[in-house]
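Worksheet for the structure shown next.
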Amino acid sequence: MPYEDLRHYLRVLEEKGLLCHVKAEVDKDWEISAVCRRTFRTIAQERRPALMFDCIKGYDIPLVVGILGGSREIYATALETDQAGVWDKWARANNPVPPRLVESGPCQEVVHMGEEANLEMLPAPVWTVGQDPGPYHTPPFVISRDPETRVRNVGTYRVQVKGPRKGGMMINPRAGMRQHIQK
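This note's numbering applies: residue 760 is where the sequence shown begins, and numbers increase by one.
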């Protein structure tokens, strides 16, 4: 059965010992990337956990890192299978379950529109201190719609936070979003 929401998935990671909580208060721009680099460079892939930073200076929400690709076991867990079943899972993705429209869902629990919308509400670390020009949300899912056909595209883009309602992205010329922008 699919995960109900991100909270459910995080509980499963925790139950499997694949999620490590960093309980100490951390600075989003100086400490998060350092802890992540050390974790991903020094812990063998077979034992590497995803990380949840529970206490970030200036924020009242946690930040999770490595919850999809932190290790092969985490990746398999995200796909609701074991490591041996990953390829079969991808093969079955060619025949997806038809979507079912619903009136509401967990993704609508917190909605910010207009002036309330603010990219700076979420902790966006400076991942490579001294090299990145600013903080980044990595990797958010960005939704665009073709202005002619109304076909939707969901892409994974690294978004630099440039202000409350302003972000910057490098969009590959072959990406679906680039085609939407050019129209």
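Glycine is no exception: its CB is placed at the ideal position from the N, C-alpha and C atoms.
| said: Please report the straight-line C-alpha distance between Asn-912 and Leu-765, rounded to a whole angstrom. | reply: 21 angstroms
| Residue range of the unbroken beta strand (DSSP E) whose run includes His-780 | 778–781
| query | Can you give the Cα-Cα distance for Gln-919 and Ile-930, rounded to whole angstroms? | reply | 12 angstroms
| query | Ala-860 by DSSP, collapsed to three states: which one? | reply | Note that residue 860 corresponds to Leu in the displayed sequence, not to Ala. In the structure shown, Leu-860 sits in coil (DSSP, three-state: anything other than H, G, I, E or B).
| message | Quick check: Asp-905 and His-939, are their CB atoms within less than 8 angstroms of each other? | response | yes
| message | Please report the straight-line C-alpha distance between Met-872 and Pro-858, rounded to a whole angstrom. | response | 26 angstroms
| task | Consult DSSP for Ile-815 and reduce its assignment to one of helix, strand or coil. | result | strand
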